[in-house]
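Chains as they are written, first to last, in full-length UniProt numbering: chain A, 1 to 182; chain Z, 1 to 182. Every residue, glycine too, gets a C-beta built ideally from N, C-alpha and C. Just so you know, these numbers come straight off a predicted model, no measurement behind them. Read the structure below first, then the notes.
Number of protein chains: 2
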Amino acid sequence: MSSTSPEVATRVARGVEPPVASGAPVEADLGWALGVVFRRYAKASAAALEGLPGGPRGYQVLATTSSEGPKRQLDLAAQLGVDRTVMTYLLDDLEKAGLVQRRPDPADRRARLIAPTDEGHEALCDLERRLRSTEEEVLGILDEPERASFRMLLQRVAMKANAVDPLHNACSLAEADDPAST
Amino acid sequence: MSSTSPEVATRVARGVEPPVASGAPVEADLGWALGVVFRRYAKASAAALEGLPGGPRGYQVLATTSSEGPKRQLDLAAQLGVDRTVMTYLLDDLEKAGLVQRRPDPADRRARLIAPTDEGHEALCDLERRLRSTEEEVLGILDEPERASFRMLLQRVAMKANAVDPLHNACSLAEADDPAST
DNA sequence: TATTGTTATACTCTATAACTATA
DNA sequence: TATAGTTATAGAGTATAACAATA
Numbered sequence: 001m002s003s004t005s006p007e008v009a010t011r012v013a014r015g016v017e018p019p020v021a022s023g024a025p026v027e028a029d030l031g032w033a034l035g036v037v038f039r040r041y042a043k044a045s046a047a048a049l050e051g052l053p054g055g056p057r058g059y060q061v062l063a064t065t066s067s068e069g070p071k072r073q074l075d076l077a078a079q080l081g082v083d084r085t086v087m088t089y090l091l092d093d094l095e096k097a098g099l100v101q102r103r104p105d106p107a108d109r110r111a112r113l114i115a116p117t118d119e120g121h122e123a124l125c126d127l128e129r130r131l132r133s134t135e136e137e138v139l140g141i142l143d144e145p146e147r148a149s150f151r152m153l154l155q156r157v158a159m160k161a162n163a164v165d166p167l168h169n170a171c172s173l174a175e176a177d178d179p180a181s182t
Numbered sequence: 001m002s003s004t005s006p007e008v009a010t011r012v013a014r015g016v017e018p019p020v021a022s023g024a025p026v027e028a029d030l031g032w033a034l035g036v037v038f039r040r041y042a043k044a045s046a047a048a049l050e051g052l053p054g055g056p057r058g059y060q061v062l063a064t065t066s067s068e069g070p071k072r073q074l075d076l077a078a079q080l081g082v083d084r085t086v087m088t089y090l091l092d093d094l095e096k097a098g099l100v101q102r103r104p105d106p107a108d109r110r111a112r113l114i115a116p117t118d119e120g121h122e123a124l125c126d127l128e129r130r131l132r133s134t135e136e137e138v139l140g141i142l143d144e145p146e147r148a149s150f151r152m153l154l155q156r157v158a159m160k161a162n163a164v165d166p167l168h169n170a171c172s173l174a175e176a177d178d179p180a181s182t
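This is the structure in structure tokens:
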């Protein structure tokens, strides 16, 4: 089903085209690997979270507000890497589904604090279980210590990346608690 | 600029809402980390490849066809994780820019073989240099051995993911040469 | 004057469907 | 009949701009 080698060798020998070993293989490209893994995980997790408004993002809203406490929409949007307008729609759906609530922020009447409802909290446990198996599936080729290592390294890169660019939010640079920043 | 702790503690104490330590922090979520890193790299590499038709994807076409030899559009699309229709537009632009050429496949008159032009080959060297510094920038918090380790692990996960789902291409399952598949 | 959140709108990206030409 | 590639079109997702309420 492939169709390259002998043909090419001939043309190369004739000097019609430059030799093949020019650059590194795509597999070595960070962008390629990130794209492939990201798309694969996105598809798998979307399937695993079938029925949850917003899919993976809905989960992230629940997970964040559940583990870190109520958050303002803008902070949530920055942390999750989405536009604030997108966050509005996302929260509309989650609220309609009874999973989160918007409460007035006593410290700033413009802002809303997002918190999971009891129902949201309960749902979260199940969602986490579903996601866990998806993650294991994606990381399937790695053995246990390798998975742990990969998660750790990725997490560090991510925290740095989020600190550098949480959707043009300046003050969150302070949140990169890890030393050795830059 | 934050606004949570004491307020929440009070409400939790009153039993108005469940305790905060429900789930794992988002930072531990594979999906969150992948998304953050992917977006960050996508933005950085797009900036680094300014002017190249298709941006990172244009690069991947050049890199793949340069290192692996001429490829048919459909194979290229599967390998790069894009729809075949998208590949058509992408190649139109790259061809207009004089970086790749579409040649008839002597083995199948329906197919076209994509190969970089001499100009494309030359451009690739510069593009690779630009990308290299972008990659180092994104992986900045990791030291050298950690970067190597991360790249290696990510690459393995990616090759597995691409084998499982190269845009519904069945026969490429055979291409997962790494043992320990599944 | 700047900021939070909402809404409406426009834009970009991607996928679907229909078509040509081959196999 | 099925496949490679193209084209046109529809759809999802995202961002931009204008607005109201508040700081």
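In terms of alpha-carbon separation, which member of Z:E144, Z:N162, Z:L153 lies closest to A:E144? If you number the first sequence from 1, residue 144 of chain A lands on position 144. A:E144 has its Cα closest to that of Z:L153, out of Z:E144, Z:N162, Z:L153.
Range of the contiguous alpha helix (DSSP H) that encloses Z:A148: Numbered from its first residue, the second sequence carries residue 148 of chain Z at position 148. Here the alpha helix (DSSP H) through Z:A148 covers 144-164.
Examine chain A for any beta-carbon lying closer than 9 Å to the beta-carbon of Z:E144, and answer yes or no. As a position in the second sequence, residue 144 of chain Z is number 144, starting the count at 1. For Z:E144, the answer is no, since every Cβ of chain A falls outside 9 Å of its Cβ.
Minimum length 4: unbroken alpha helix (DSSP H) runs contained in the region 73-130 of chain Z: 73-80, 84-96
Report the residue from A:A28, A:L139, A:E137, A:V157 whose alpha carbon sits nearest the alpha carbon of Z:T64. Counting from 1 along the second sequence, the entry for residue 64 of chain Z is found at position 64. Among A:A28, A:L139, A:E137, A:V157, the Cα nearest to that of Z:T64 is on A:A28.
Three-state secondary structure assigned by DSSP to A:P18: For the purposes of this step, residue 18 of chain A is identified with residue 18 of the first sequence, where counting begins at 1. Only weak support exists for where A:P18 lies, its pLDDT of 47 falling under 50; the value from the coordinates is given anyway. Residue state, collapsed to three classes: coil.
Count the other CB atoms within 10 Å of the CB of Z:Y89; is the residue buried (16 or more) or exposed (fewer)? Within the second sequence, the letter at position 89 stands for residue 89 of chain Z. Exposed, by the Cβ-count rule.
Pull up the CB-CB distance for Z:R156 and A:L142, whole angstroms please, since I reckon it's below 8 Å. Locating residue 156 of chain Z in the second sequence gives position 156, where the first residue counts as 1. Locating residue 142 of chain A in the first sequence gives position 142, where the first residue counts as 1. At roughly 7 Å, the Cβ-Cβ gap stays under 8 Å, so Z:R156 and A:L142 are in contact.
Is the beta carbon of Z:A111 closer than 9 Å to that of Z:D105? Taking the first residue of the second sequence as position 1, residue 105 of chain Z is located at position 105. Taking the first residue of the second sequence as position 1, residue 111 of chain Z is located at position 111. The answer is yes: Cβ separation under 9 Å.
Report the residue from Z:L127, Z:V86, Z:R84, Z:F150 whose alpha carbon sits nearest the alpha carbon of Z:A48. By one-based count along the second sequence, residue 48 of chain Z stands at place 48. It is Z:L127.
Going along the chain, which residues of its own chain have a beta-carbon closer than 7 Å to the beta-carbon of Z:R102, five neighbours each way excluded? Along the second sequence, one-based indexing puts residue 102 of chain Z at 102. Around Z:R102: L91, E95, R112, I114.
How would you call Z:A107, buried or exposed, if buried means at least 16 neighbouring beta carbons within 10 angstroms? In the second sequence, counting from the first residue as 1, residue 107 of chain Z sits at position 107. Exposed.
On the DSSP letters alone, give me the boundaries of the alpha helix (DSSP H) that Z:A24 sits inside. Against the second sequence, residue 24 of chain Z aligns to sequence position 24. Taken as a continuous stretch (DSSP letters only), Z:A24 belongs to no alpha helix (DSSP H), as it is neither H nor E.
Do you know how far the Cα of Z:T134 is from the Cα of A:L34? Taking the first sequence and counting its residues from 1, one reaches residue 34 of chain A at position 34. Taking the second sequence and counting its residues from 1, one reaches residue 134 of chain Z at position 134. If you take the alpha carbons of A:L34 and Z:T134, they lie about 14 Å apart.
Nearest residue (CA-CA) to A:F150, options A:A161, A:N162, A:A163, A:E136: The residue you call residue 150 of chain A lines up with position 150 of the first sequence. Per the Cα distances, A:E136.
Is Z:Q155 close to chain A, meaning its C-beta is less than 9 Å from at least one C-beta of that chain? In the second sequence, the residue the question calls residue 155 of chain Z occupies position 155. Yes - at least one Cβ of chain A is within 9 Å of the one on Z:Q155.
Mind checking whether A:A42 and Z:R40 have CB atoms under 9 Å apart? The sequence position of residue 42 of chain A within the first sequence is 42, counting from 1. The sequence position of residue 40 of chain Z within the second sequence is 40, counting from 1. Contact flag unset, no.
Is the CB-CB distance between Z:L80 and A:V138 below 9 Å? By one-based count along the second sequence, residue 80 of chain Z stands at place 80. By one-based count along the first sequence, residue 138 of chain A stands at place 138. The Cβ atoms of Z:L80 and A:V138 lie no closer than 9 Å to each other.
Exposure label - Z:R109; buried when at least 16 CB within 10 Å: Residue mapping note: residue 109 of chain Z aligns to position 109 of the second sequence, counting from 1. It is exposed - the Cβ of Z:R109 has fewer than 16 other Cβ atoms within 10 Å.
Taking Cβ positions, are A:V61 and A:V100 nearer each other than 9 Å? Counted from its first residue, the first sequence places residue 61 of chain A at position 61. Counted from its first residue, the first sequence places residue 100 of chain A at position 100. Yes, the Cβ-Cβ distance between A:V61 and A:V100 is below 9 Å.
Show which residues of chain A have a CB atom less than 7 Å away from the CB atom of Z:T64. Residue mapping note: residue 64 of chain Z aligns to position 64 of the second sequence, counting from 1. Neighbours of Z:T64 on chain A, chain order: V26.
Beta bridge counterpart(s) of Z:K43 as assigned by DSSP: Taking the first residue of the second sequence as position 1, residue 43 of chain Z is located at position 43. According to DSSP, Z:K43 bridges with nothing at all.
Would A:Q73 count as contacting chain Z if we go by Cβ distances under 9 Å? Along the first sequence, read from residue 1 onward, the residue named residue 73 of chain A stands at position 73. Not one chain Z Cβ lies under 9 Å of A:Q73.
Using CA atoms only, rank isn't needed, just tell me which of Z:R130, Z:K71, Z:P25, Z:V164 is closest to residue 206 of chain Z. Since the first residue of chain Z shown is 1 and the last is 182, residue 206 of chain Z is not available in this structure.
For chain Z, find out if any of its Cβ atoms is closer than 9 Å to the Cβ of A:S133; answer yes or no. The residue given as residue 133 of chain A occupies position 133 in the first sequence. Not one chain Z Cβ lies under 9 Å of A:S133.
Z:P104 CB to nearest chain A CB: under 9 Å? Stepping through the second sequence from its first residue, residue 104 of chain Z is reached at position 104. By the rule that beta-carbons nearer than 9 Å mark a contact, Z:P104 does not touch chain A.
Cβ closer than 7 Å: which chain A residues qualify as neighbours of Z:I114? Taking the first residue of the second sequence as position 1, residue 114 of chain Z is located at position 114. Near Z:I114 there are no residues of chain A at all, since even the closest Cβ is about 11 Å away, more than 7 Å.
Specify, as a first and last residue, the run of the alpha helix (DSSP H) that A:E68 falls within. In the first sequence, counting from the first residue as 1, residue 68 of chain A sits at position 68. Start and end: 56-68.
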